[in-house]
Amino acid sequence: MTSVDLPGAAYRESYAAKDGVEYWLEKVGTGRQLVVKADDTAAYNGFTGTADGGTFRADITGDNALELRNRLPWLKPQLFGLATSVGTGDRLGICTPGHVRAMKAVGGGLKPVFAQQSIREMGRCHREPRNVLDDATWGAFQEGWTDGVGADADHLHTTADIDRCADAGFVFYTLDPNEYVDPEAESADEATVRTKAAALDWASLDSSQEKFLETYVGHRIDLEHESITLDEESVLRAMAKYGPSLANAMDLYRHLVGLGITHEVEFAVDETDYPTKPAEHVVVVSELKRLGMEFVSFAPRFVGGFEKGIEYIGNLDELKRDFEIHAEIAKALGPYKLSLHSGSDKYSTYPLFAEATGGVAHLKTAGTSWAEALRVIARHDGDLMREIVQLALESFEQNRKSYHLSCDPAKVPTHATDAQLVTLLDVIDSRQVLHVSYGAVLDAFKPRMYDVWQAHDEELYGIIEEHFIKHLAPFVR
Ligand SMILES: [Zn+2]
């Protein structure tokens, strides 16, 4: 048998043959089944399912996903190092086929991280790390993605989070110590900064203030287009702001390394309140390296507004300059990738980011597939969509916590007509209100929503594909 002989219900792209065993995915009703075919029925061992006239049919379960990853190594998460990579994220577990189609459409070169979800989001979606990984596996298999997949345990705050993701098989660990960053140090007067710096637990950083000042004050970093000379106030301010977070990040890092698993690390401070200044980038990264952290990417907080689900807010020339200087520092001190978070829907920024980093970059999007998937509901079940909007508004104050937003919920129509509904994802106010509502909305309407998505799965994939092509194309070099 070859892929041309597949039955009509098969997802044609899914066909794979390895070691004399054939695998494909079939649509069964509104669900899917894995089909395995081999002359030697011993090949069915390891999957849970039933033999069925020369083939073996297995349900789309976590255990079967794990076995499939063991059989088809390209589905097993791998390290990407400095390759240009993109995290797609998928809160729903059904959008990966659209992500794969977009990856294929823009034509190779980019490394995808289909399995990616922060612990915060998993909590709101009642998902476990294994669900995230397994759903991404089925999606990548369905669409025949064989060019390698990553798996990002995103925005980790505790060693327990790390353990959960390690057990599941994640390989990319985004360490986020932002709750230990001191935002007051940003604008405090010099005397306060000195007091804060002196009060740091220097021993936890295997250093002393004296040693620190000796290392950095007057230190010059030569970049491609300029040089940065560090002065005493800026390095003390950097340390007052980030010092405790470095100690915390090292605790997380040492724990991860102690697990002895395959891993790579991103260090992320993007969810802090103030942009990461060049001197701060230099001090933070230099200190992490001194302490022994190896990482492939760093996510600073860039200038301007990176809000959920909408275009960049701010001055693009300033942002371009910010990308360039951080990229030059990353090249001089690394190289490591610069990582752009909350990266969805910021079309104006991608060419600038790709250019400044020369592709030594990671783009991370998380919730935009959820927002786009709502278009399918709006088109096909107006009553459900009106209920969703209603709930998104009622729960907004709770939902918005920990997100940067500038929407005005008062501008979202509460009794939208069907024609209005399909435009809600194109208007900032309603897009953001819906964007952050996923936890409450899924809690209330999950089965009804999945019925709509399953009945219109090809339409969903098409919407996601088109949306992601716009994100990915600027990074193809
Ligand atoms: Zn982030």
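Using the numbering used here, you'd call the opening residue of the sequence shown number 360 and step up by one each time. From the three backbone atoms N, C-alpha and C, an ideal C-beta is built for every residue, glycine too. Keep in mind the model is a prediction, meaning the values are calculated, not measured.
| Asked | Found |
| --- | --- |
| Is the beta carbon of Glu630 within less than 7 Å of some heavy atom of ligand 1? | yes |
| Please determine whether the Cβ atom of His700 lies at a distance below 7 Å from any heavy atom of ligand 1. | yes |
| What number of angstroms, rounded off, separates the C-alpha of Phe529 from the C-alpha of Asp676? | 37 Å |
| Is Leu469 near Thr505, with beta carbons less than 8 Å apart? | no |
| Report all residues from its chain with a CB closer than 7 Å to the CB of Val540; omit the five preceding and five following residues, and keep chain order. | Lys600, Tyr601, Ser604, Val628, Thr631 |
| Can you tell which of Leu441, Gly440, Leu425 has the C-alpha that lies nearest to the C-alpha of Leu434? | Leu425 |
| Under a three-way DSSP split, which group does Gly408 fall into? | strand |
| Per DSSP, which one or two residues make a beta bridge with His721? | Ser444, Ser698 |
| Could you check if Ile672 is buried or exposed, using at least 16 other CB atoms within 10 Å of its CB as the buried criterion? | exposed |
| Determine the extent of the beta strand (DSSP E) in which Glu569 is found, giving its start and end residues. | That residue, Glu569, is in no beta strand (DSSP E); its alpha helix (DSSP H) goes 568-575. |
| Grab me the residues of Met744's own chain with a C-beta within less than 7 Å of its C-beta, minus the 5 sequence neighbours each way, in chain order. | Ile736, Ala737, Leu780 |
| Flag Ala608 as yes when its Cβ comes closer than 7 Å to any non-hydrogen atom of ligand 1, and as no otherwise. | no |
| Between the alpha carbons of Met481 and Tyr575, how many angstroms are there, rounded? | 40 Å |
| Relative to ligand 1, is the shortest distance from any of its heavy atoms to the C-beta of His516 smaller than 7 Å? | no |
| For a quick check, are the C-beta atoms of Val491 and Gln501 less than 8 Å apart? | no |
| Taking the alpha carbon of Phe712 as the point to measure from, which residue in Asp704, Ala725, Thr724, Ser698 has its own alpha carbon closest? | Ser698 |
| DSSP state of His514, grouped into three classes? | strand |
| Could you give the residue range of the beta strand (DSSP E) that holds Tyr709? | Element bounds for Tyr709: not the beta strand (DSSP E) but the alpha helix (DSSP H), 709-716. |
| Closer than 8 Å is the cut-off here; do at least three beta carbon pairs connect the region 451-471 with the region 553-569? | no |
| When DSSP labels each residue in this structure, what does Ala547 get in the three-state scheme? | coil |
| Exposed or buried, which one is Lys705 when buried takes at least 16 other CB atoms within 10 Å? | buried |
| So His739 packs on His815, CB below 8 Å; how close in whole Å? | 6 Å |
| List the DSSP bridge partners of Val472. | Gly446 |
| Would Asp449 pass as a contact of Ala510 if the rule is Cβ separation under 8 Å? | no |
| Where DSSP assigns a beta bridge to Thr588, which residues make up the other side? | Arg579 |
| May I ask which residues mark the beginning and end of the alpha helix (DSSP H) holding Gly457? | 455-465 |
| Nearest to Lys396 by CA position, among Gly408, Glu592, Tyr382, is which residue? | Tyr382 |
| Rounded to whole angstroms, what's the CA-CA distance from Asp581 to Asp522? Just pull it up for me. | 40 Å |
| Note down the Cα distance separating Ile587 from His578, rounded to an integer number of angstroms. | 8 Å |
| Taking only the alpha-carbon atoms, compute the straight-line gap between Val800 and Met808 and give it to the nearest angstrom. | 9 Å |
| State the Cα-Cα distance for the pair Asp788 and Asp767, rounded to the nearest angstrom. | 5 Å |
| Out of Phe665, Leu438, Lys377, Val387, which has the shortest C-alpha to C-alpha gap to Leu427? | Lys377 |
| Which same chain residues end up closer than 6 Å to Ala512 when comparing Cβ atoms and leaving out the 5 residues on each side of it in sequence? | Cys524, Phe529, Tyr532 |
| What three-state label does DSSP hand Lys386 in the structure shown? | strand |
| Would you say the beta carbon of Ala627 is closer than 7 Å to some non-hydrogen atom of ligand 1? | yes |
| Do the CB positions of Phe665 and Glu625 come within less than 8 Å of each other? | no |
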